[in-house]
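> The listed protein sequences derive, respectively, from chains G and H. Just so we're aligned, residue 6 is where the first sequence starts under this note's numbering, counting upward by one. Just so we're aligned, residue 565 is where the second sequence starts under this note's numbering, counting upward by one. For every residue, glycine included, the Cβ atom is placed at its ideal position computed from N, Cα and C. Okay, here's the structure, questions in a sec.
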Amino acid sequence: MATLEAPELSAAVGNLPDFTTEAYKDAYSRINAIVIEGEQEAHDNYISIGTLLPDQAEELTKLARMELKHMKGFTACANNLGVVADMAFAKEFFAPLHNNFKTALAAGKVPTCLLIQALLIEAFAISAYHIYIPVADPFARKITEGVVKDEYTHLNYGQEWLKANLESCREELEQANRDNLPLIRRMLDEVAGDAAVLQMDKEDLIEDFLIAYQEALTEIGFSTREIARMAAAALVG
Amino acid sequence: MFGLIGHSSSFAQAQEKARDLGLEEMAEADMLAWCSAPPQLLETFKVTSRTGQTIEGTYIDSCFVPEMLSRFKTATRKVQNAMEMAQKNGINVTALGGFTSIIFENYDLSKFQQIRNTTLEWERFTTGNTHTAWVICQQVERNAPLLGIDLSRAKVAVVGATGDIGSAVCRWLSQKTGVAELLLVARQQQRLQDLQTSLGGGTILSLEEALPQADVVVWVASLPQTLSIDHASLRKPCLMIDGGYPKNLDAKVAGDGVHVLKGGIVEFWQDIGWQMMEVAEMENPKRHLFACFAEAMLLEFEGIHTNFSWGRNNISLANMERIGEASLRHGFQAIGLNPAQLSRAAQGGVELAAA
């Protein structure tokens, strides 16, 4: 048995950040904007997917409405801290992924649309919210805790549809994974500095995102080897 | 279903394994990328007991490598995420192998039960230390006599005596085996004194004092890379049980009357259809495995779905006996000195007699 010198645990369960500093607010203006923009785009994306799946449109509209509610909640979080969200930054942040979504939508590619929105973006949101909750201000914490539960519903919707249709869309999903997973990685890299100010660690974000994404792929029916191969694209993308 | 959580023995080996699995990207990825790699459920396999009972198991690679030990957050996250994966897969009992149980214990991870939306249920996990301690004691009892060491007259040094496995080994050797004298070696004096009191005996010594006196040395602490052992000062014959992790004693001292046995390793009665032990550099990877992993199998065979080995210094002699009986019944046995080692020992004996 080896032995380790245990470091002070305070590093792991440290104090909350000071939410009133300019540095915090500055970083928050971009992170919060990403969240708001993400929820707005999620709303639009679910409505769009509904046009490809008319028999599911009602269910998708329900999911879309939840995203709008989240958006309002996160807007309130910014107001509470006296921060103005940097929406221009957020739009640019999502642009590459959003363009891929629009292209897939125009081509009528439901699996790709669902992989981008229901799997990648939802898994990204779930992992980020889980990591944010312990270091959030009390107001935002409460709102985020409510939101994260809903996001599992969205992830689950995409999972179930893709599971039912896996055999006909396996290759398309693998391609969509190759095209989009590296974008997620770049997005995480882009916000790593701001996230660190909020005491959210990049390593945690990537690993937790991949865990949520891998769980979804498992549920859909990919084998463990296929999943490991698909996920690797995020680590070295 | 039982589970095993393990890891590669080095970063280079992890990359090599990734290449074998067809994960070229991971094989090429740098250490930083590995620090963010999620656990992987690598194999599911069946194990059939000598009694005929068959159970199913799963191997989860935590994607931890020993090079991450200096990164507290990374190391803990790897262990916690692998545990969460085991629980989410509905595994009844999972053994924490290699460094993972050490990280859990030393970083006091029992304080962090909530992992995202999962509350870890400790009763689903075991360190496997009860079985490891029992196996090490068996290795002492069976192999010392083969080298002509009479345990009732022998001095047995336990290096790392105050640890979870070390203290259990001390209790067993003093109360069940009846060794002549236990030499207790560890870093923390207070814990050593407490152990001595609870044992009602044993001699507290430094490593340098203990080694030249010992007929048998049980190592259950890791060896610093810089540790050098003066071969000439050791007793001959001397049996060394390398129960530390990683097992690196053989290269340091074996030979010329000093016999090193890999501690806490068991052999199963038939081949197991898995790949994972090949990366652990086992001599016979289809049959040899860590005793802590075997404990998870035994608990599943026996339907004991509880954290059988947990926390520090909770291993009782009764539980060691219980897991030991199950171990034999289901077809495990502690590995012993191999014929080549025994033949060298016999030759050494002749030389000594001639001298």
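So that I know if they touch, is there some Cβ in chain H lying closer than 8 Å to that of Asp-23 of chain G?
The count along the first sequence starts at 1 and reaches residue 23 of chain G at position 18. Chain H contact via Cβ: absent.
> How is Lys-518 of chain H classed by DSSP in three states: helix, strand or coil?
Residue 518 of chain H is absent from the model: chain H starts at 565 and stops at 919.
> Looking at the strands, I want to know which residues DSSP matches up with Asp-625 of chain H.
Along the second sequence, read from residue 1 onward, the residue named residue 625 of chain H stands at position 61. Per DSSP, the beta bridge partners of Asp-625 of chain H are H:Gly-570 and H:Gln-604.
> What's the call for Leu-916 of chain H, buried or exposed, on a 16-neighbour Cβ count within 10 Å?
By 1-based counting over the second sequence, the position of residue 916 of chain H is 352. Note that Leu-916 of chain H scores 46 on pLDDT, short of 50, meaning its location in the model is unreliable and no value can be drawn from it.
> Closest to Ala-718 of chain H by CA distance: which of H:Gln-753, H:Ala-774 and H:Leu-568 is it?
Along the second sequence, read from residue 1 onward, the residue named residue 718 of chain H stands at position 154. If we check each option's Cα against that of Ala-718 of chain H, H:Ala-774 comes out closest.
> Reducing DSSP to helix, strand and coil, say where Thr-658 of chain H ends up.
In the second sequence, counting from the first residue as 1, residue 658 of chain H sits at position 94. In this structure, Thr-658 of chain H counts as strand in the three-state DSSP scheme.
> Can you tell me the Cα-Cα spacing of Asp-60 of chain G and Asn-170 of chain G, whole angstroms?
As a position in the first sequence, residue 60 of chain G is number 55, starting the count at 1. As a position in the first sequence, residue 170 of chain G is number 165, starting the count at 1. Looking at the two C-alpha atoms, the distance is approximately 15 Å.
> Pick from H:Phe-865, H:Pro-776, H:Val-629 and H:Cys-701: whose alpha carbon is nearest that of Met-595 of chain H?
Numbered from 1 along the second sequence, position 31 holds the residue referred to as residue 595 of chain H. Among H:Phe-865, H:Pro-776, H:Val-629 and H:Cys-701, the Cα nearest to that of Met-595 of chain H is on H:Val-629.
> In chain order, what residues of the same chain have a beta carbon less than 8 Å from the beta carbon of Glu-864 of chain H, not counting five sequence neighbours either side?
As a first step, residue 864 of chain H is located in the second sequence; it is residue number 300 there, counting from the start. Once the five neighbours on either side are set aside, the close Cβ partners of Glu-864 of chain H are Met-565, Phe-566, Ile-619, Gly-621, Asn-656 and Val-657.
> Could you give the distance in angstroms between the alpha-carbon of Ser-891 of chain H and the alpha-carbon of Cys-701 of chain H?
Position 327 of the second sequence, counted from the first residue, corresponds to residue 891 of chain H. Position 137 of the second sequence, counted from the first residue, corresponds to residue 701 of chain H. Using only the alpha carbons, I get a separation of about 13 Å.
> What do you reckon, are the CB atoms on Phe-98 of chain G and Glu-44 of chain G nearer than 8 Å?
For the purposes of this step, residue 98 of chain G is taken as the residue at position 93 of the first sequence. For the purposes of this step, residue 44 of chain G is taken as the residue at position 39 of the first sequence. No, these two residues do not count as a Cβ contact at 8 Å.
> Can you tell me where the beta strand (DSSP E) holding Asp-806 of chain H begins and where it ends?
Reading the second sequence from its first residue, position 242 is the one you call residue 806 of chain H. Element bounds for Asp-806 of chain H: 802 to 806.
> Measuring straight from C-alpha to C-alpha, what distance separates Arg-190 of chain G and Pro-139 of chain G?
Position 185 of the first sequence holds residue 190 of chain G. Position 134 of the first sequence holds residue 139 of chain G. Distance between the alpha carbons of Arg-190 of chain G and Pro-139 of chain G is about 23 Å.
> For Ser-786 of chain H, which residues from the same chain have a beta carbon less than 7 Å from its beta carbon, with the 5 sequence-adjacent residues on both sides left out?
Your numbering for residue 786 of chain H matches position 222 in the second sequence. The beta carbon of Ser-786 of chain H is closer than 7 Å to those of Gly-808 and Tyr-809 in its chain, skipping five residues each way along the sequence.
> If you draw a straight line from the alpha carbon of Arg-583 of chain H to that of Ala-855 of chain H, how long is it in whole angstroms?
Counting from one through the second sequence, the residue named residue 583 of chain H turns up at place 19. Counting from one through the second sequence, the residue named residue 855 of chain H turns up at place 291. Rounded to the nearest whole angstrom, the CA to CA distance from Arg-583 of chain H to Ala-855 of chain H is 28 Å.
> Can you tell which of G:Glu-27, G:Glu-64 and G:Ile-36 has its C-alpha closest to the C-alpha of Ala-145 of chain G?
Sequence index remark: in the first sequence, residue 145 of chain G carries index 140 (1-based). Minimum Cα distance to Ala-145 of chain G is reached at G:Ile-36.
> Going along chain H in order, which residues have a C-beta closer than 7 Å to the C-beta of Asp-209 of chain G?
Sequence index remark: in the first sequence, residue 209 of chain G carries index 204 (1-based). Within 7 Å Cβ-Cβ: Arg-641.
> Check whether the region 892 to 912 of chain H touches the region 705 to 712 of chain H, counting contact only when three or more Cβ pairs, one atom from each stretch, lie closer than 8 Å.
yes
> Report yes or no: is there a C-beta of chain H within less than 8 Å of the C-beta of His-135 of chain G?
Looking up residue 135 of chain G in the first sequence gives position 130. It does; some Cβ of chain H falls within 8 Å.
> Tell me where the alpha helix (DSSP H) around Leu-193 of chain G begins and ends.
Taking the first residue of the first sequence as 1, we reach residue 193 of chain G at position 188. Membership of Leu-193 of chain G in the alpha helix (DSSP H) is indicated by the continuous run 171 to 202.
> Starting from the Cα of Asn-104 of chain G, find the closest Cα among G:Lys-168, G:Leu-240 and G:Leu-188 and give me that residue.
Here residue 104 of chain G refers to the residue found at position 99 of the first sequence. Here the closest residue by C-alpha is G:Leu-188.
> Excluding five sequence neighbours on each side, which residues of the same chain lie with their C-beta closer than 8 Å to the C-beta of Gly-742 of chain H?
For the purposes of this step, residue 742 of chain H is taken as the residue at position 178 of the second sequence. So the list reads Leu-715 and Ser-716, once near-sequence residues are dropped.
> Assign Leu-791 of chain H to buried or exposed, taking buried as 16 or more other Cβ atoms, counted over all protein chains shown, within 10 Å of its Cβ.
Here residue 791 of chain H is taken as the residue at index 227 of the second sequence, counted from 1. Classification of Leu-791 of chain H: exposed, given that the 10 Å Cβ count is below 16.
> Restricting to Cα atoms, I'd like to know which of H:Val-720, H:Ser-738 and H:Gln-678 is closest to Val-749 of chain H.
Counted from its first residue, the second sequence places residue 749 of chain H at position 185. Per the Cα distances, H:Val-720.
> Against Val-241 of chain G, what residues of chain H qualify as contacts under a CB-to-CB distance less than 9 Å, listed in chain order?
Stepping through the first sequence from its first residue, residue 241 of chain G is reached at position 236. Chain H residues near Val-241 of chain G: Glu-589, Met-590, Glu-592, Ala-593, Asp-594 and Ala-597.
> So which residues on chain H does Ile-216 of chain G lean against when the C-beta distance must stay under 9 Å?
One-based indexing of the first sequence puts residue 216 of chain G at position 211. Those are Pro-602, Pro-603, Asn-645, Glu-648, Met-649 and Arg-680, listed as they occur along chain H.
> Can you confirm whether the region 666 to 678 of chain H touches the region 635 to 654 of chain H when touching is taken to mean that 3 or more C-beta pairs between the two stretches lie within less than 8 Å?
yes
> Roughly how many angstroms separate the alpha carbons of Glu-156 of chain G and Asn-185 of chain G, rounded to a whole number?
The residue labelled residue 156 of chain G in the question sits at position 151 within the first sequence. The residue labelled residue 185 of chain G in the question sits at position 180 within the first sequence. So the two alpha carbons sit approximately 20 Å from each other.
> Tell me whether the region 121 to 132 of chain G and the region 216 to 231 of chain G touch, counting them as touching only if at least three CB pairs, one residue from each stretch, are closer than 8 Å.
yes
> Within 10 Å of its beta-carbon, does Gln-677 of chain H have 16 or more other beta-carbons around it, so buried, or fewer, so exposed?
Counting from 1 along the second sequence, the entry for residue 677 of chain H is found at position 113. Under this definition Gln-677 of chain H is an exposed residue.
> Can you check whether the C-beta of Arg-230 of chain G is within less than 8 Å of a C-beta belonging to chain H?
Along the first sequence, read from residue 1 onward, the residue named residue 230 of chain G stands at position 225. Closer than 8 Å to some Cβ of chain H, the Cβ of Arg-230 of chain G qualifies, so yes.
> Taking C-beta pairs closer than 7 Å, name the residues in chain H that Arg-234 of chain G reaches, listed in chain order.
On the first sequence, residue 234 of chain G is found 229 positions in, with the first residue counted as 1. Gly-586 and Leu-587, listed in chain order.
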